[in-house]
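Residue numbers (our numbering): 0 to 206.
Printed below as a string of structure tokens:
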């Protein structure tokens, strides 16, 4: 659990990896909720409470689902509690995600973004990698919906040795991999990172 939450959620978090950020941080993070490793009933109650607060306060939502069977449950709860124009960052989308649900998420939530990091690069499953690459290419205007992330020090891109991995190298390698997927003369690593930064500003309402 690495929850970044307001009010009681932050106070009750006992995880050793808890991030000590200001309690006034204007977002809710669903990392600790719809998770394959926890009972769904408890997950759902907490998750719904966070979504209700986010809807009431009109603040962005960051979420992450572990286990492919969690994606539909998450999507249904999002639709039930949030308007189609709510700002949502679906963290850590990768080849193991339920990409059909992610497609529906992008189509339904006009201000929905997907976070891509080193976990999009598979070293030992070429078939699954090809499916993900094709899915990414097939998404309309997907560059406008991508947020580059690292989840550092976790999810290291396989191209990097542990001593080479940091926030900058992780972002750059992930961006370069995406550029290589699209093979467009109008897209390079620098402008993809710039585009991601703009998407982050929109997502988190940064002036």
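Backbone N, C-alpha and C define an ideal beta-carbon position, used for all residues, glycine too.
(request) Tell me whether residue 81 sits in a helix, a strand or coil according to DSSP, three-state version. (result) coil
(message) Distance check for residue 96 and residue 67, CA to CA, integer angstroms please.
(response) 6 Å
(message) Buried or exposed, going by whether 16 or more other CB atoms sit within 10 Å of the CB of residue 123?
(response) exposed
(message) Which of the three DSSP states is assigned to residue 64 in this structure?
(response) coil
(request) Would you mind reading off the limits of the beta strand (DSSP E) that contains residue 88? (result) 87-89
(message) In this structure, how does DSSP classify residue 205 when only helix, strand and coil are distinguished?
(response) coil
(request) Pick out whichever of 152, 183, 53, 65 has its Cα sitting closest to the Cα of residue 169. (result) 152
(message) In the DSSP assignment, the beta strand (DSSP E) including residue 115 goes from what residue to what residue?
(response) 111-115
(message) Measuring only the C-alpha atoms, how far is residue 33 from residue 47?
(response) In this prediction, residue 33 scores a pLDDT of 46, lower than 50, which makes its location untrustworthy; the coordinate-derived value is nonetheless stated afterwards. Residue 33 and residue 47: Cα-Cα distance of roughly 10 Å.
(request) Could you tell me which uninterrupted alpha helix (DSSP H) segments, each at least 4 residues in length, are contained entirely in the stretch 149-206, listed from first to last along the chain? (result) 166-181, 188-202
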